[in-house]
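Novice:
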Amino acid sequence: MRTDAPLADVDPVDTTSVVTGSTIPPRRARAGGSRTKRRWTTIGLVALLAVLSIPFIFPTWWMATSSLKPMSEILRSVPTLWPENPSFDAYGDVFRLQPFAQQYWNSLYIAIIVTVGTMLVAAMAGYAFARIRFPGANALFLIVLVGLLVPSEVTIVPLFRLVNALGLIDTHWPLIIIPIFGAPAVLSVFIMRQFFISLPGELEEAGRMDGLGRWGIFWRIAFPLARPALAAVAIFTFLKSWNLYLEPIVYLSSKEMFTLPQALTQYVDAYGGPMWNVQLAATTLTVVPVLVVFLFAQKQFVQGLAQTGLKG
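Each residue of the sequence shown is one higher than the last, beginning at 87 in my numbering.
1. Out of Phe-344, Val-379, Trp-301, point me to the one whose CA is closest to Val-319's CA.
2. If you draw a straight line from the alpha carbon of Glu-239 to that of Asn-329, how long is it in whole angstroms?
3. Have a look at Gly-130 and Trp-362 and give me their C-alpha separation to the nearest angstrom.
4. DSSP three-state label for Pro-347, please.
5. How should Pro-314 be labelled, buried or exposed, when 16 other C-beta atoms within 10 angstroms of its C-beta is the threshold for buried?
6. Of the choices Val-272, Gln-348, Pro-165, Phe-304, whose alpha-carbon is the least far from that of Leu-285?
7. Just to confirm my understanding: we take Leu-245, look at its own chain, exclude 5 residues before and 5 after, and list those with CB closer than 7 angstroms. What are they?
8. Output yes or no for whether 8 angstroms exceeds the beta carbon distance between Phe-282 and Gly-212.
9. Helix, strand or coil for Val-399 per DSSP?
10. Suppose only complete runs of 3+ residues qualify. What are the beta strand (DSSP E) ranges in the stretch 255-282, listed by chain order?
11. Please report how far the alpha carbon of Tyr-177 lies from the alpha carbon of Phe-322, in whole angstroms.
12. Should Phe-142 be labelled buried (16 or more other beta-carbon atoms within 10 Å of its own) or exposed?
13. Whose C-beta lies closer than 7 angstroms to the C-beta of Ala-197 among residues of the same chain, with five residues either side of it excluded?
14. Along the chain, where does the alpha helix (DSSP H) containing Gly-253 start, and where does it finish?
15. With DSSP collapsed to three states, give me the class of Pro-244.
16. Taking only three categories from DSSP, how would you classify Pro-360?
17. Spatial neighbours of Tyr-353 within its chain, please: C-beta separation below 6 angstroms, excluding the five flanking residues on both sides.
18. Please report the straight-line C-alpha distance between Thr-257 and Tyr-337, rounded to a whole angstrom.
19. If contacts are defined as beta-carbon pairs under 8 angstroms, then Leu-400 and Glu-342 qualify, I think. What distance do you get, rounded to the angstrom?
20. Using 10 angstroms around the beta-carbon of Gln-384, count the other beta-carbons present and answer buried if the total reaches 16, otherwise exposed.
21. From this set, Val-236, Leu-346, Pro-375, Val-388, which residue's C-alpha is nearest Phe-181's C-alpha?
22. Going by C-alpha distance, which of Met-205, Ala-187, Phe-220 is nearest Ala-312?
23. In whole angstroms, give me the CA-to-CA distance for Glu-290 and Pro-237.
24. Below 8 angstroms on the Cβ atoms is my contact criterion, and I expect Pro-172 with Leu-154 to pass it. Report the Cβ-Cβ distance as a whole number of Å.
25. Name the two residues that bound the continuous alpha helix (DSSP H) containing Ile-196.
26. Please report whether the beta-carbon of Tyr-190 lies at a distance below 8 angstroms from any beta-carbon of chain C.
27. Just verifying my parser: in three-state terms, what is the DSSP assignment at Gly-287?
28. My understanding is that Gln-184 touches Ala-367, with C-beta atoms under 8 angstroms, so please give their C-beta distance in whole angstroms.
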C-alpha cells in the first residue's frame, strides 16, 4: 500500500529554485527583455543616423525649395525653409535665357558614351591583367596605376596642345576619347582586375572544355559574372563625366557645346551677379540623372565594391 502523497502541481513559470531558493529568470522573460533591448538599440541607431544625415540632406532640400522662391525671398536675412509663394518661373527662365536643353543633351550623351566605352575597355584590360599571363604583366600594371597618382591639372596643358594640334578644340571628342582611353579610366581598370582575380579558375577550364577560346571565355563567362563590378564602374564613370568641369572650360568655347557644369555659371544678372533662383533651378535639374542612376544601380554598386575589396 502506497502512503506517499501525490505531488503538487508545479507552476511552469515558477522562478524559485528548490535547492538554493534563488530567483531564476524564466526563458520567456529573458527573451522579452532581449527583444526590448534590441528594439531600443534599433531606435537609437535610427535616431543617430537621422541626425547624421541632416548635413547631407539639408543642402539638397535648400536647393530644391529655393528654386521655387523669388530672389527677394532668397536674399532675406532670415531664411525660410519653405517658399511662401512657390513658383516654377525660375525653371522656365532656365530654358529661356540660355540653350540649356542643348547643354543638357550634351552632358547626357557624353556621359553615356564615356560610361559604356569605359566599361568595355576597363573590362577587357582588367581581364587581361588578371587572367592572361605574359612577361612584365605586373610591371606594366604598376605603370598603369601611376595614372592614379597624377592630378588631372598636371596634364591639362599638354593635352590641350595635343587637342589643338589635332583640330579638336570646341568639339566633344576630347571629353569622350581621353576619359575612355586615358588616366581617368585607370581606377575602372583596377576595379575590374580585382574582380576577375577573384573568379575561380575552374570556370575557364569548363569554358575550354566546351571549345571556347580566350575571347569566348571572356565574353560568355567572365563578362556576365562581372555585373556588380561593372555597376560600380558605371556609377563612378557616369558621375565623373557628368560633373566634369575643368576640361570643358579648357576645350569648349561656344555655348551650344557647353556641358552642364559650365552651363550653371551662365545665369547672371545685369550687374554680373548670380541669379540664385535660376541657378538653383538649373542645379536641381542637373542632379536628377545622378539620383536616378544611383537608385537603379545601388545594390550592384555595393556588391561591386565589396567583391573588389574597395572601401569608402
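Ideal Cβ placement from N, Cα and C applies to all residues, glycine included.
Specialist: For this structure:
1. For Val-319, the nearest C-alpha among the options comes from Val-379.
2. Their Cα atoms are separated by approximately 15 angstroms.
3. Distance between the alpha carbons of Gly-130 and Trp-362 is about 38 angstroms.
4. Here Pro-347 sits in helix by DSSP.
5. Classification for Pro-314: buried.
6. It is Phe-304.
7. For Leu-245, where only same-chain residues beyond five positions count, the Cβ hits under 7 angstroms are Ile-264.
8. Yes.
9. Examination of residue 399 is not possible in this model, given that the chain is present from 87 through 398 alone.
10. Runs found: none.
11. So the two alpha carbons sit approximately 28 angstroms from each other.
12. Label assigned to Phe-142: exposed.
13. Excluding residues up to 5 positions away in sequence, Phe-324, Ser-327, Trp-328 lie with their Cβ nearer than 7 angstroms to the Cβ of Ala-197 in the same chain.
14. In the DSSP annotation of this structure, Gly-253 is not part of any alpha helix (DSSP H), being labelled neither H nor E.
15. Pro-244 sits in a helix when the DSSP states are folded into three classes.
16. DSSP places Pro-360 in strand when its eight states are reduced to three.
17. Around Tyr-353: Met-361, Val-364, Gln-365.
18. Here the C-alpha atom of Thr-257 lies approximately 7 angstroms from the C-alpha atom of Tyr-337.
19. This structure does not reach residue 400, given that the chain is present from 87 up to 398, and the question cannot be answered.
20. With fewer than 16 Cβ atoms within 10 Å of its Cβ, Gln-384 is classed as exposed.
21. The candidate whose alpha carbon is nearest that of Phe-181 is Leu-346.
22. Answer by Cα proximity: Met-205.
23. Using only the alpha carbons, I get a separation of about 38 angstroms.
24. Rounded, the Cβ-Cβ distance is 4 angstroms, consistent with contact.
25. Segment 186-217, the alpha helix (DSSP H) holding Ile-196.
26. In summary, chain C is missing from the structure at hand, where a single protein chain is found.
27. In the three-state DSSP reduction, Gly-287 falls in the helix class (H, G or I).
28. Wrong, their Cβ atoms sit about 12 angstroms apart, outside the cutoff.
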